[in-house]
Structures are given as C-alpha cells and as structure tokens.
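S.K.: Below you'll find the structure I mean.
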Amino acid sequence: ILAALLVTTLFLAASGRDPRLLADLVVRSTVGSRFGLEDLALFMTPLMLTGAAVTITRRIGIWNIGAEGQFYAGAIGAAAIGLFLPGPAIVILPLMALAGILCGMGWILIPTLARAYAGVNEIITTLLLNFVAALLTSYLAVGPWHDRVTGALASTGRLPVQIPEFWGAVHWGFPLALAIVLALALLMARTGWGYQVTISGANDQAARYAGIPVRARIIAVMLASGGLAALAGVFELAGTVHRLQGGLANNFGYFGIVVAVLARGSCLNVLPAALLMAFILDSGIVLQTQQLTASTVLAITGLVLFLIALGDELAHYRPVAPRAEPTP
Numbered sequence: 038i039l040a041a042l043l044v045t046t047l048f049l050a051a052s053g054r055d056p057r058l059l060a061d062l063v064v065r066s067t068v069g070s071r072f073g074l075e076d077l078a079l080f081m082t083p084l085m086l087t088g089a090a091v092t093i094t095r096r097i098g099i100w101n102i103g104a105e106g107q108f109y110a111g112a113i114g115a116a117a118i119g120l121f122l123p124g125p126a127i128v129i130l131p132l133m134a135l136a137g138i139l140c141g142m143g144w145i146l147i148p149t150l151a152r153a154y155a156g157v158n159e160i161i162t163t164l165l166l167n168f169v170a171a172l173l174t175s176y177l178a179v180g181p182w183h184d185r186v187t188g189a190l191a192s193t194g195r196l197p198v199q200i201p202e203f204w205g206a207v208h209w210g211f212p213l214a215l216a217i218v219l220a221l222a223l224l225m226a227r228t229g230w231g232y233q234v235t236i237s238g239a240n241d242q243a244a245r246y247a248g249i250p251v252r253a254r255i256i257a258v259m260l261a262s263g264g265l266a267a268l269a270g271v272f273e274l275a276g277t278v279h280r281l282q283g284g285l286a287n288n289f290g291y292f293g294i295v296v297a298v299l300a301r302g303s304c305l306n307v308l309p310a311a312l313l314m315a316f317i318l319d320s321g322i323v324l325q326t327q328q329l330t331a332s333t334v335l336a337i338t339g340l341v342l343f344l345i346a347l348g349d350e351l352a353h354y355r356p357v358a359p360r361a362e363p364t365p
C-alpha cells in the first residue's frame, strides 16, 4: 500500500498537481462526507457480489472470468420483467431478481457443463461470453427495447419500479449484498457442503476417493457464481441506473476478479477487498474532476491495484527449502 501511495504521488507530481491537495480532496470526497460514503456503498454493492462470485469458484479450483457477462445477463433478465410486466413493485422486484439470477445461471451453463463433463477450460469460455453479453445488451438498448418516448438512442426507457432507498442514495441492494456475502462465508466455513467444495478444490482425486461428488459440486458452484454476478446486474439496473444501456456493467465483473484475488479464497475477506476497490474507483472519479485525463487516472488505478496485489502475494509468500538428497 505504501508503494502504491508513492507511485500515485509521483504520478500526480509529474502531472503538475499538488499531491497533498489532491489527497485531501480525495479523502473529503470519499470518506469525509455523507455523499462520499453513499458513493462508496453504491460502488461496493456490485463489487461484493461479483467478488463473491469469483471467490467461490476459486474455492473449488476453477476461475469464473465471466462475471461481467453474467452481470449483463442478469440485467437483461431483470429489464425484461421490469419493462414489460406491469404490476406493483412488491411483486415485480422479486420477479426481476429471480429472472436475473436465472439468466445469469443460464449464461454460465454451457461453460459449466463443458468444464464438468469435457474438461474444457472455463477461463476461455466464460471470458468469450462476456463480449457476447455486452453486445447483446447494447443491441437491445439501441434496438428493440430502446426508449421510444424520449427518443434516447443508447438506452431503454426508465424502469417503472426501482429498489427502494436504504440510506440516502444507497438502495436496499447494499445491505442485501452484505448479508449474502456473510451467509456465503458462513456456508463455506461452517457446513459440510462448504468443506466438500474446499476439499474438491484442494485435491479433486482425494475428494473423489473420499466419495465427494466433485462434478456435482463444480456444477453447483459455477451456477451459484453465475447467479451472484447476475444479481449484481439486477441491483445496478434496478437500484442505481434504472435503465438498460450499453456499458452498464462498468467493468464491475472484471473488478470482481481483483476483489477475489485480494480476498484469497475467503468470502469474509471479500468485504474489505470490495471496500478497498470501491475506494480506489471512487478516488479515480474524484481525480478526473480535477482535469486529470481518464487515461492518466486509469494508469494510476492499474498500477495501484498491481502493487497492492503484488504486496499481498509477497506477504503470504513462504519459501520452501529444497529437500535434501538422500545419501547413498
């Protein structure tokens, strides 16, 4: 973290800005005001879910790189219900969540079956489907679902129902996401199912020998992962943006991978990792208001994340002494 702060300071100084003034502005604009705290919570909401989605697959020894695509799939499913099914919010919102989760699980189904039954690398299949989901979302937003009332060309109309506010601009998706991650942490740490998932990821051959249905656990974990990432899309659509549009995911699926790396396989660690990621992203927006170019902010963000991840790996690195050769 100190190295990340040093690199950020050097970048800002090289751009002709006073790092101390900008640091003070970032602190006041993120954690130093109610508006900033609300922004952090809004950033954290999807990051907690996408981070948890990737984390649970890491526990079983696989990688879901497709959280971005499942995020879009969840938003599409929720938008289909919200835009075209009339009814009271108390009925429509749960249906939107259910439709979104099912769409996310459906989106990851083919990579899941390919991995479980044919051993196809899930990294490639889930990653490629991200681009399909993003293009499908843009097509629906500018094509058959575009807003014909206001004439907006890049989005659908505003959803008639939204997730109610919890605290200021923060919607109820935030405490729900927090509760889901805590429940997942409890499930993984305190249940036999979670133990079986961990053992399957550590040594699948030993797990099979012990009678654990490894294939069934892989399928269940990947489907749950797709549902979690999709729920993040539902919350972002119905709680923050209120319309389907291209770029809705805002890279939350990819940032969820960073959260999972920092969490090191622990669902409980997803919470501080998501908070750190939210702070970094929110700080980047604050810096852009000070006439720093988006490319400069992106470079700073990337270097900061790289140094934090590197420092985390080094902190957990334990060298193993080479085994002595037996004497004849």
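So for the sequence shown, this note's numbering puts the first residue at 38; every next one is plus one.
Ideal Cβ placement from N, Cα and C applies to all residues, glycine included.
None of these values were measured; they are calculated from a predicted model.
Compare the beta carbon distance of Thr82 and Asp76 with 9 Å and say whether it is the shorter of the two.
M.R.: By 1-based counting over the sequence shown, the position of residue 82 is 45. By 1-based counting over the sequence shown, the position of residue 76 is 39. No.
S.K.: In the DSSP assignment, find the beta strand (DSSP E) that holds Trp100 and state where it starts and stops.
M.R.: Locating residue 100 in the sequence shown gives position 63, where the first residue counts as 1. Counting along the chain, Trp100 falls outside any beta strand (DSSP E), and DSSP gives it neither H nor E.
S.K.: On the criterion of 16 or more Cβ atoms from any shown chain inside 10 Å, does Trp204 qualify as buried, or is it exposed?
M.R.: The sequence position of residue 204 within the sequence shown is 167, counting from 1. When all chains shown are included, Trp204 counts as exposed.
S.K.: Who are the near neighbours of Ile317 in its chain, counting only those whose CB is closer than 8 Å to its CB and skipping five residues on each side?
M.R.: If you number the sequence shown from 1, residue 317 lands on position 280. Within the same chain, Ile317 has close Cβ partners Thr338, Val341, Leu342.
S.K.: Could you say which of Leu344, Leu351, Asp349, Ala352 lies nearest to Ala41 if we only look at CA atoms?
M.R.: As a first step, residue 41 must be located in the sequence shown, where it is residue number 4. Considering only alpha carbons, the answer is Leu344.
S.K.: Tell me the DSSP bridge mates of Trp204?
M.R.: Taking the sequence shown and counting its residues from 1, one reaches residue 204 at position 167. According to DSSP, Trp204 bridges with Val207.
S.K.: Using a Cβ-Cβ cutoff of less than 8 Å, which residues in the same chain neighbour Leu196 once the five nearest sequence positions on both sides are dropped?
M.R.: Taking the first residue of the sequence shown as position 1, residue 196 is located at position 159. Excluding sequence neighbours, Leu196 sits near Ala116, Gly119, Leu120, Leu274, Ala275, His279, Arg280.
S.K.: Three-state secondary structure (DSSP) at Gln327?
M.R.: As a working note, residue 327 is residue 290 in the sequence shown. The answer is coil: DSSP assigns Gln327 none of H, G, I, E or B.
S.K.: Where Thr333 and Ala155 are concerned, what is the direct C-alpha to C-alpha distance, given to the nearest angstrom?
M.R.: Counting from 1 along the sequence shown, the entry for residue 333 is found at position 296. Counting from 1 along the sequence shown, the entry for residue 155 is found at position 118. Near 43 Å, if we compare the C-alpha coordinates of Ala155 and Thr333.
S.K.: What does the alpha-carbon distance come out to for the pair Val298 and Val186?
M.R.: Residue numbering aside, residue 298 sits at position 261 when the sequence shown is read from its first letter. Residue numbering aside, residue 186 sits at position 149 when the sequence shown is read from its first letter. Rounded to the nearest angstrom, the two C-alpha atoms are 44 Å apart.
S.K.: Any contact of the segment 170 to 184 with the segment 258 to 266, i.e. 3+ C-beta pairs under 8 Å?
M.R.: Segments in contact, no.
S.K.: Residues bridged to His183 by DSSP?
M.R.: The sequence position of residue 183 within the sequence shown is 146, counting from 1. Partner(s): Thr193.
S.K.: Would you give the residue range spanned by the alpha helix (DSSP H) that Arg152 belongs to?
M.R.: By one-based count along the sequence shown, residue 152 stands at place 115. Start and end: 146 to 155.
S.K.: For the structure I just gave you, are there three or more beta carbon pairs, one from the segment 243 to 250 and one from the segment 92 to 111, closer than 8 Å?
M.R.: No, the segment 243 to 250 is not in contact with the segment 92 to 111.
S.K.: For Asp370, tell me which candidate among Gln327, Ala331, Gly348, Leu351 has the shortest Cα-Cα distance.
M.R.: Lying before the first or after the last residue shown, residue 370 is absent from the chain, which here runs from 38 to 365.
S.K.: Which two residues bound the contiguous alpha helix (DSSP H) that contains Arg254?
M.R.: Here residue 254 is taken as the residue at index 217 of the sequence shown, counted from 1. Arg254 -> alpha helix (DSSP H) spans 251 to 272.
S.K.: For Thr87 versus Gly293, is the C-beta spacing smaller than 9 Å?
M.R.: Along the sequence shown, read from residue 1 onward, the residue named residue 87 stands at position 50. Along the sequence shown, read from residue 1 onward, the residue named residue 293 stands at position 256. Result yes, Cβ atoms of Thr87 and Gly293 sit closer than 9 Å.
S.K.: Within 10 angstroms of its Cβ, does Gln107 collect 16 or more other Cβ (buried), or is it exposed?
M.R.: In the sequence shown, residue 107 corresponds to position 70, counting from 1. Under this definition Gln107 is a buried residue.
S.K.: Rounded to the nearest angstrom, how far is the Cβ of Gly103 from that of Pro148, given a contact under 8 Å?
M.R.: Residue mapping note: residue 103 aligns to position 66 of the sequence shown, counting from 1. Residue mapping note: residue 148 aligns to position 111 of the sequence shown, counting from 1. Contact flag correct, Cβ pair sits at about 7 Å.
S.K.: May I ask which residues mark the beginning and end of the alpha helix (DSSP H) holding Ser66?
M.R.: By one-based count along the sequence shown, residue 66 stands at place 29. That run of the alpha helix (DSSP H) goes 56 to 67.
S.K.: Using a threshold of 9 Å, state whether the C-beta atoms of His183 and Thr277 are closer than that.
M.R.: By 1-based counting over the sequence shown, the position of residue 183 is 146. By 1-based counting over the sequence shown, the position of residue 277 is 240. Their beta carbons are not under 9 Å apart, which means His183 does not touch Thr277 by this criterion.
S.K.: Please give the ranges of any alpha helix (DSSP H) in the segment 79 to 134, keeping only runs that are unbroken, at least 4 residues long and fully inside the region.
M.R.: Fully enclosed alpha helix (DSSP H) runs of 4 or longer: 104 to 121.
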